[in-house]
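Trainee: Encoded as structure tokens, here's the structure I'll be asking about.
In our numbering, the protein residues as written are 2 to 301.
Have a look at this one:
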């Protein structure tokens, strides 16, 4: 099963967050740079988000029960949404600290070793982000994808901070340091907005992605050439699980057993085409008026 695997990736993210927080705090203490402090604060958000992601992945892995007959897969949306909210909080903290330093600039110290430590932390984040993103795509996990995107945002943020702090050291313009921190805050706000929006769309039962819908249509087209019709085809994506419902119209002279076998074959092909899909079909006879009454519901 994929779920224990996803949890191992979440543990990897937690370990990386602890390592990068430690390194970035060392870099801040060495230099006194508020830009590097803002970078460390964002990594603290990464740690909290990774812990929440692990919790939600464990919840999403639970099997369906009487109170949650469609499972717990939507729990992953809470993880990415919570991470987005945390990003806004981090941006606010960074902004307050940056404004204070903008009003009272302070010189930087031990810039060389401080930036080297920060660069090491960024390298760790880059490697883990690539790993998480690949796993999120493979297993259709929005929690891992959200974590990966946030880590990659952190990498680019860190790169900007490193360049900026180096520029402060070279030019001696101390106010550039808090300006960089404010730019970090603005950048991660955009990232947080994207995560919250995607989570909200998922909770609104958004249709499956276009490539998955194309895979569904390809299966239906093959069977359509055999004289089988379909309508009321509706889909929804719940984190790593897809749900598809449709009406299948077969020739009225077919036996129930034969029609059932064909429908089972259709469902099997669709489960192969999609990842972790639940297929619900309703069998109807062709040529009967009542079988076509719900055609206007054919939408996604």
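Heads up, the beta-carbon is just placed ideally off N, CA and C, and yes, glycines get one too.
Because the structure is a prediction, the values reported are computed rather than measured.
Buried or exposed for residue 240, going by 16 or more other Cβ atoms inside 10 Å?
Mentor: Within the chain shown, the letter at position 239 stands for residue 240. Per the 10 Å Cβ criterion, buried.
Trainee: How is residue 272 classed by DSSP in three states: helix, strand or coil?
Mentor: Residue numbering aside, residue 272 sits at position 271 when the chain shown is read from its first letter. DSSP places residue 272 in helix when its eight states are reduced to three.
Trainee: Count the other CB atoms within 10 Å of the CB of residue 135; is the residue buried (16 or more) or exposed (fewer)?
Mentor: Here residue 135 refers to the residue found at position 134 when the chain shown is read from its first residue. When all chains shown are included, residue 135 counts as exposed.
Trainee: What first and last residue would you give for the beta strand (DSSP E) that runs through residue 175?
Mentor: Walking along the chain shown from the start, residue 175 turns up at place 174. Careful: residue 175 lies outside any beta strand (DSSP E) and carries neither H nor E.
Trainee: Determine the direct distance from the alpha carbon of residue 6 to that of residue 267, and round the result to whole angstroms.
Mentor: Translated into the one-based positions of the chain shown, residue 267 becomes position 266. Translated into the one-based positions of the chain shown, residue 6 becomes position 5. Computed Cα separation, rounded: 29 Å.
Trainee: Out of curiosity, what's the CA-to-CA distance linking residue 104 and residue 94?
Mentor: The residue labelled residue 104 in the question sits at position 103 within the chain shown. The residue labelled residue 94 in the question sits at position 93 within the chain shown. Going from the Cα of residue 104 to the Cα of residue 94 covers about 16 Å.
Trainee: Could you tell me if residue 12 is buried or exposed, where buried requires 16 or more neighbouring beta carbons within 10 angstroms of its beta carbon?
Mentor: On the chain shown, residue 12 is found 11 positions in, with the first residue counted as 1. Exposed is the call here.
Trainee: Quick one, which of 281, 250, 271 and 283 has its alpha-carbon nearest residue 289's?
Mentor: On the chain shown, residue 289 is found 288 positions in, with the first residue counted as 1. Closest option to residue 289, Cα to Cα, is 250.
Trainee: Please give me, in chain order, every unbroken run of the alpha helix (DSSP H) with length at least 4 that falls completely inside the segment 110 to 196.
Mentor: You should have 112 to 140 and 143 to 172.
Trainee: Quick one: is residue 257 buried, meaning 16 or more other Cβ sit within 10 Å of its Cβ, or exposed?
Mentor: As a working note, residue 257 is residue 256 in the chain shown. Exposed: under 16 other Cβ atoms inside 10 Å.
Trainee: Comparing C-alpha positions only, which one of 260, 89, 14 and 243 sits nearest to residue 125?
Mentor: Position 124 of the chain shown, counted from the start, is the residue given in the question as residue 125. When each option's Cα is compared against that of residue 125, the closest is 14.
Trainee: Does the pairing of the segment 170 to 188 with the segment 129 to 148 give three or more beta-carbon distances under 8 Å?
Mentor: Flag = no, the segment 170 to 188 and the segment 129 to 148 do not touch.
Trainee: Along the beta strand (DSSP E) that carries residue 235, what are the first and last residues, could you check?
Mentor: Counting from one through the chain shown, the residue named residue 235 turns up at place 234. First-last of the beta strand (DSSP E) with residue 235: 230 to 239.
Trainee: Using the Cα positions of residue 59 and residue 74, report the straight-line distance between them to the nearest angstrom.
Mentor: Here residue 59 is taken as the residue at index 58 of the chain shown, counted from 1. Here residue 74 is taken as the residue at index 73 of the chain shown, counted from 1. Going from the Cα of residue 59 to the Cα of residue 74 covers about 10 Å.
Trainee: Look up residue 285 in the DSSP assignment and say whether it is helix, strand or coil.
Mentor: Along the chain shown, read from residue 1 onward, the residue named residue 285 stands at position 284. Residue state, collapsed to three classes: strand.
Trainee: Out of curiosity, what's the CA-to-CA distance linking residue 156 and residue 182?
Mentor: Here residue 156 is taken as the residue at index 155 of the chain shown, counted from 1. Here residue 182 is taken as the residue at index 181 of the chain shown, counted from 1. Near 14 Å, if we compare the C-alpha coordinates of residue 182 and residue 156.
Trainee: Kindly confirm or deny that the segment 28 to 48 and the segment 151 to 169 touch, where touching means at least three C-beta pairs closer than 8 Å.
Mentor: Counting Cβ pairs under 8 Å, three or more are found: they touch.
Trainee: If we ignore side chains and look at the alpha-carbon of each, how far apart do residue 199 and residue 132 end up?
Mentor: Position 198 of the chain shown holds residue 199. Position 131 of the chain shown holds residue 132. Going from the Cα of residue 199 to the Cα of residue 132 covers about 21 Å.
Trainee: If distances are taken between C-alpha atoms only, which option among 96, 28 and 55 comes closest to residue 189?
Mentor: The residue given as residue 189 occupies position 188 in the chain shown. Of the listed residues, the one whose Cα sits closest to residue 189 is 96.
Trainee: Identify whether residue 205 lies in helix, strand or coil by the three-state DSSP scheme.
Mentor: The residue labelled residue 205 in the question sits at position 204 within the chain shown. Three-state DSSP puts residue 205 in coil, outside helix and strand.
Trainee: Let me confirm a value: residue 227 is counted as buried when at least 16 other C-beta atoms fall within 10 Å, else exposed. Which label applies?
Mentor: What you label residue 227 is simply residue 226 of the chain shown in a count that begins at 1. That one is exposed.
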